[in-house]
Every structure is written in C-alpha cells, then in structure tokens.
Amino acid sequence: MDKFILRKAEPKDVSDILRLIKELAKFEEMEEQVVLTEKELLEDGFGDHPFYHCVVAEVPKDKQSLEGYTVVGFAMYYFTYDPWIGKLLYLEDFYVMKEFRGYGMGSEILKMLSETAVKTRCSGMHFIVAEWNTSSIEFYKRRGASDLSHEEGWRLYEIDKCNLLKMSSK
Amino acid sequence: MDFTIRAATLEDCKDISRMILELAEHEKVSDQIKITQRDLEQDGFSKNPFFHGIIAEVPEHLKSRDGHTKVGYSLYFYTYSSWKGRAVYMEDLYVMPEFRGKGIGQALMAKVSQLGLAAGCNQLNFTVLDWNKSSLDFYRKQGCWDVTSELGYHCMRCEGDALEHLAQGDL
Chain S
1 MDKFILRKAE
11 PKDVSDILRL
21 IKELAKFEEM
31 EEQVVLTEKE
41 LLEDGFGDHP
51 FYHCVVAEVP
61 KDKQSLEGYT
71 VVGFAMYYFT
81 YDPWIGKLLY
91 LEDFYVMKEF
101 RGYGMGSEIL
111 KMLSETAVKT
121 RCSGMHFIVA
131 EWNTSSIEFY
141 KRRGASDLSH
151 EEGWRLYEID
161 KCNLLKMSSK
Chain X
1 MDFTIRAATL
11 EDCKDISRMI
21 LELAEHEKVS
31 DQIKITQRDL
41 EQDGFSKNPF
51 FHGIIAEVPE
61 HLKSRDGHTK
71 VGYSLYFYTY
81 SSWKGRAVYM
91 EDLYVMPEFR
101 GKGIGQALMA
111 KVSQLGLAAG
121 CNQLNFTVLD
131 WNKSSLDFYR
141 KQGCWDVTSE
151 LGYHCMRCEG
161 DALEHLAQGD
171 L
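Sequence lines, in order, name chains S and X. The opening residue of the first sequence carries number 1 in the UniProt record's numbering; numbering runs sequentially from there. The opening residue of the second sequence carries number 1 in the UniProt record's numbering; numbering runs sequentially from there.
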C-alpha cells in the first residue's frame with residue numbers, strides 16, 4: 001500500500017466523513033451518541049463560515065476497502081484560541097480504517113495538520129484522547145504530545161442543550 | 001448590584017488584557033502569558049476573529065477600588081463536535097474578586113449560552129482545573145458534568161519543538 005493521497009475534503013465527501021465518524025465513535029463505544037447528519041456536515045463545513053475543516057485519505061479504485069470504499073481515513077479540525085498563547089489548531093477527530101493501518105497514513109495526516117498549524121502561526125495543536133486508549137496515547141506521546149489533564153489537572157466539562165436553555169433564561 | 005453585560009469592542013482589549021492577567025495569577029500561571037493587548041485586538045476584532053468576548057460593566061459610582069468599571073469578562077468561540085455538530089467553547093470566565101457573589105458570573109455564562117443557542121449550538125464546553133473547588137461547585141450548580149471523570153477523556157497538547165518536528169515528519 002504505497003499509493004494514497006491526502007486532500008482537502010469536498011462537499012461530495014460528507015457521506016464518507018459521516019461513515020468514518022461513526023466507525024471511530026463505535027471504536028470509542030459511543031456510536032449511539034452520533035446524531036450529526038450529512039445535511040448538517042454539508043451546511044457546517046462548506047458554507048460561508050465553516051465550523052470545521054477536514055482532510056481525507058483516499059486510495060485508488062483498485063485498492064478499495066472490502067466494502068468498496070476509497071475514502072479510508074480522515075481528520076476533522078478547527079481553530080481555537082488561548083488568551084495566553086494565541087491561536088491553536090484543535091484536532092476533533094482523527095481516524096484510519098483498520099484494514100489500511102500500518103502504511104503511514106496516520107503519520108502523514110498528522111504531518112499535514114501540523115504543517116497547517118505552523119503555517120497559520122498556531123502555538124500548538126490540542127485534542128482529547130480517552131485514557132483507556134493506550135495505543136493512541138503511545139502514538140501521540142511518541143510525537144511529543146503531553147497530557148494536560150494529568151500534568152496540569154485540567155478537566156473537560158460539558159453543558160448539554162437542555163441545561164443551556166435553562167441557563168440562558170436565567 | 002447594578003451591572004450590564006454586552007459584547008466586547010476593540011476599546012475593551014486593555015481591560016480584557018488586565019483581567020486575563022488577573023485570572024492567570026489566580027491559576028498561578030501568569031508567567032505563561034505571551035499574548036499582548038495588540039494580539040487580542042488583531043485576533044479578536046479583525047474580519048475573521050478567532051474569538052468573541054463579552055464584558056460585565058458597572059456604573060461609575062460602583063467602580064472597583066482601583067477605578068475600573070469593567071469588572072468581568074468571558075472569551076468564547078465556536079467549535080464542532082463530530083457527534084453532535086455545532087458547539088460553543090467558553091475559554092475564559094472571570095469576575096474580579098470584589099464583585100463576586102452578585103450574579104455577574106452567572107449572567108456572563110447565561111449570555112454565552114444565549115449566543116451559542118442562537119448560533120445553533122447543542123453544547124457548551126470548557127475546562128476547569130481539578131483543584132479549583134469554588135469554580136467546580138459553581139459549574140455543577142449550572143448543570144455541567146465532568147467529561148474527563150465520566151468518560152475518561154484527557155486534554156492533550158502538542159506544541160513548540162514537538163509541533164515543528166511533527167510538521168517535518170520526524171519521529
């Protein structure tokens with residue numbers, strides 16, 4: 001498997017992007033949490049003010065997956081801001097289909113993202129990892145990532161829509 | 001207490017910068033600040049801002065001991081959940097110590113929620129330090145839950161030399 005390309009996602013990719021999001025969520029045992037639709041992905045990623053950016057990994061037709069897919073990996077990211085150090089690139093999702101691992105696709109995707117981060121003058125790249133996902137944690141630590149939850153005590157909090165509505169009316 | 005919550009303007013960057021430093025001092029990490037007032041002006045008030053701000057202001061006769069009428073702020077931006085779609089991330093929330101306990105923090109957070117909902121967001125996310133008990137209590141009262149504790153997600157960062165090496169494909 002020496003032939004694959006990395007490219008910016010296009011509107012025609014939303015079906016594959018959603019498929020890969022669900023595969024990754026399934027691996028994290030969170031498949032039922034994915035309520036996002038293709039329509040939302042299209043509106044939110046390819047309108048005038050995109051909420052996210054996406055790169056996809058594609059193989060030629062003769063190397064397609066068992067089920068016939070040629071888009072076999074992706075990364076979804078956006079830009080955030082830390083008032084102490086400035087712009088950051090936030091990696092929301094990063095996934096390569098199991099049958100296409102071990103060929104350097106993941107490394108190439110991360111390389112492309114970090115080039116984007118450096119080019120746009122971001123101070124760093126942030127993301128979250130589940131603490132039980134030791135193979136991913138090793139992959140990231142080998143590339144110099146540090147665990148802020150562990151080292152600095154940061155905990156990620158969430159308020160869902162129901163509580164947002166309650167809070168906004170206070 | 002008489003106060004107003006409004007969108008931050010370019011002129012507010014001086015006070016935002018002051019309060020960012022106060023918040024960093026409270027979190028015991030003020031030596032890590034590299035962003036200047038000028039950076040805030042460029043990054044928050046150009047054609048494609050990287051963040052948005054709201055300010056809590058009191059009338060002149062209620063100003064702080066040091067003479068400030070801008071007494072609280074929140075910085076936020078829009079993010080995206082691959083599970084649920086549009087989300088809003090509250091990066092900073094701060095009220096000067098002498099103005100606490102009067103509902104200003106809650107009002108700032110309510111405003112961020114309203115703005116987030118208006119933009120079609122389904123969730124509000126933020127991070128809190130595990131030793132910050134008074135903040136943890138405040139947030140739990142608003143109906144938040146700890147994603148790190150309950151789902152085991154850890155916040156990771158790749159920066160500086162590590163980011164440069166990654167970009168060059170070094171291992």
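Just so it is clear, CB atoms sit at the ideal spot from N, CA and C, and this is done for glycine as well. This structure is a prediction, so every number in the text was calculated from the model and none was measured.
C-alpha gap between histidine 52/X and valine 112/X, whole angstroms: The residue given as residue 52/X occupies position 52 in the second sequence. The residue given as residue 112/X occupies position 112 in the second sequence. Roughly 10 Å between the two C-alpha positions.
Bridge-paired residues (DSSP) for valine 88/X: Counting from 1 along the second sequence, the entry for residue 88/X is found at position 88. Paired residue(s): Tyr78/X and Leu124/X.
Buried/exposed call for glutamate 92/S, threshold 16 Cβ in 10 Å: Position 92 of the first sequence, counted from the start, is the residue given in the question as residue 92/S. Glutamate 92/S should be labelled buried.
Residues of its chain near histidine 49/S, where Cβ-Cβ distance is below 7 Å and the 5 sequence neighbours each way are ignored: Position 49 of the first sequence, counted from the start, is the residue given in the question as residue 49/S. Excluding positions up to five away in sequence, the list is empty.
Test: methionine 128/X CB closer than 8 Å to a CB of chain S: For the purposes of this step, residue 128/X is taken as the residue at position 128 of the second sequence. It is worth fixing the name first, because residue 128/X is valine in this sequence and not methionine. Yes, valine 128/X counts as interfacial toward chain S.
Integer Cβ distance of leucine 108/X from isoleucine 33/X, believed to fall under 8 Å: Against the second sequence, residue 108/X aligns to sequence position 108. Against the second sequence, residue 33/X aligns to sequence position 33. 21 Å between Cβ atoms; not a contact.
Chain S residues whose Cβ lies nearer than 8 Å to that of glutamate 91/X: Taking the first residue of the second sequence as position 1, residue 91/X is located at position 91. Within chain S, the residues near glutamate 91/X are Thr80, Tyr81, Asp82 and Pro83.
Within chain X, the residues that isoleucine 128/S reaches when beta carbons sit closer than 7 Å: Translated into the one-based positions of the first sequence, residue 128/S becomes position 128. Correct list: Tyr153, His154, Cys155 and Met156.
Alpha-carbon spacing of leucine 18/S relative to aspartate 62/S, whole angstroms: Looking up residue 18/S in the first sequence gives position 18. Looking up residue 62/S in the first sequence gives position 62. If you take the alpha carbons of leucine 18/S and aspartate 62/S, they lie about 23 Å apart.
Within-8 Å CB hit, threonine 4/X to chain S: Here residue 4/X is taken as the residue at index 4 of the second sequence, counted from 1. By this cut-off, threonine 4/X is not an interface position.
Per-residue contacts from leucine 10/X into chain S (C-beta, under 9 Å): Translated into positions along the second sequence, residue 10/X becomes position 10. What leucine 10/X touches in chain S: nothing, since even the nearest Cβ is about 16 Å away.
Short CB-CB distance (under 8 Å) between lysine 34/X and chain S: The sequence position of residue 34/X within the second sequence is 34, counting from 1. Lysine 34/X counts as touching chain S.
Limits of the unbroken beta strand (DSSP E) element including leucine 91/S: Stepping through the first sequence from its first residue, residue 91/S is reached at position 91. Residues 86-96.
Cutoff 8 Å: alanine 117/S Cβ touching any chain X Cβ: Against the first sequence, residue 117/S aligns to sequence position 117. Chain X, which has a Cβ nearer than 8 Å to the Cβ of alanine 117/S, makes this yes.
Assigned secondary structure, threonine 134/S (DSSP; H/G/I helix, E/B strand, else coil): On the first sequence, residue 134/S is found 134 positions in, with the first residue counted as 1. The answer is helix: DSSP assigns threonine 134/S an H, G or I state.
Sub-8 Å separation of phenylalanine 94/S and glutamate 58/S beta-carbons: The residue you call residue 94/S lines up with position 94 of the first sequence. The residue you call residue 58/S lines up with position 58 of the first sequence. Not a contact, by the Cβ cut-off of 8 Å.
Short CB-CB distance (under 8 Å) between glutamate 41/X and chain S: As a working mapping, residue 41/X is identified with position 41 in the second sequence. Cβ-Cβ to chain S under 8 Å: no for glutamate 41/X.
Enclosing alpha helix (DSSP H) for tyrosine 81/S [first to last residue]: Sequence index remark: in the first sequence, residue 81/S carries index 81 (1-based). Counting along the chain, tyrosine 81/S falls outside any alpha helix (DSSP H), though it belongs to the beta strand (DSSP E) covering 71-82.
Within 8 Å, strictly: CB atoms of valine 147/X and tyrosine 157/S: Here residue 147/X refers to the residue found at position 147 of the second sequence. Here residue 157/S refers to the residue found at position 157 of the first sequence. In this structure, tyrosine 157/S lies closer than 8 Å to valine 147/X by Cβ.
Test item: CB-CB of glycine 73/S and methionine 125/S under 8 Å: Locating residue 73/S in the first sequence gives position 73, counting from the first residue. Locating residue 125/S in the first sequence gives position 125, counting from the first residue. No, the Cβ-Cβ distance between glycine 73/S and methionine 125/S is not below 8 Å.
Sub-8 Å separation of valine 56/S and arginine 101/S beta-carbons: Numbered from 1 along the first sequence, position 56 holds the residue referred to as residue 56/S. Numbered from 1 along the first sequence, position 101 holds the residue referred to as residue 101/S. No, the pair does not count as a contact, with Cβ atoms beyond the cut-off.
Min CB distance arginine 86/X to chain S below 8 Å: Residue 86/X sits at position 86 when you count from the first residue of the second sequence. True, the Cβ-Cβ gap to chain S drops below 8 Å.
Touch test, the segment 143-159 of chain X against the segment 115-133 of chain S, Cβ-Cβ under 8 Å, three pairs minimum: yes
Span of the beta strand (DSSP E), counted from its first residue to its last, around alanine 57/S: Locating residue 57/S in the first sequence gives position 57, counting from the first residue. Counting along the chain, the beta strand (DSSP E) containing alanine 57/S begins and ends at 53-58.
Top-ranked residue by Cα proximity to tyrosine 133/S, from Gly68/S, Leu24/S, Asp44/S and Phe79/S: On the first sequence, position 133 is the one that residue 133/S refers to. It is worth fixing the name first, because residue 133/S is asparagine in this sequence and not tyrosine. Comparing Cα positions, the closest option is Leu24/S.
Cut-off 7 Å between Cβ atoms - residues of its own chain near valine 128/X, not counting five sequence neighbours on either side: The residue given as residue 128/X occupies position 128 in the second sequence. So the list reads Ser135, Leu136 and Tyr139, once near-sequence residues are dropped.
Extent of the continuous alpha helix (DSSP H) run through alanine 107/X: The residue you call residue 107/X lines up with position 107 of the second sequence. Taken as a continuous stretch (DSSP letters only), the alpha helix (DSSP H) holding alanine 107/X covers 104-118.
Pair within 8 Å by beta-carbon distance, proline 59/X and aspartate 2/X: Translated into positions along the second sequence, residue 59/X becomes position 59. Translated into positions along the second sequence, residue 2/X becomes position 2. Result yes, Cβ atoms of proline 59/X and aspartate 2/X sit closer than 8 Å.
Chain S residues whose Cβ lies nearer than 7 Å to that of glutamine 159/X: The residue given as residue 159/X occupies position 159 in the second sequence. The sequence given here places glutamate at residue 159/X; glutamine does not occur at that position. Chain S residues near glutamate 159/X: Ser123 and Gly124.
Nonlocal neighbours in the same chain, by C-beta distance under 8 Å from alanine 8/X, ignoring five residues either side: Locating residue 8/X in the second sequence gives position 8, where the first residue counts as 1. Within the same chain, alanine 8/X has close Cβ partners Ile16, Gly44, His52, Gly53, Ile54, Ile55 and Tyr73.
Beta carbon proximity, serine 39/S to chain X, threshold 8 Å: Counting from 1 along the first sequence, the entry for residue 39/S is found at position 39. At residue 39/S the sequence reads lysine, which differs from the serine that was named. It does not: the Cβ of lysine 39/S has no partner Cβ on chain X nearer than 8 Å.
Tryptophan 83/X classed as buried or exposed, judged by whether at least 16 other C-beta atoms fall within 10 angstroms: Here residue 83/X is taken as the residue at index 83 of the second sequence, counted from 1. Buried.
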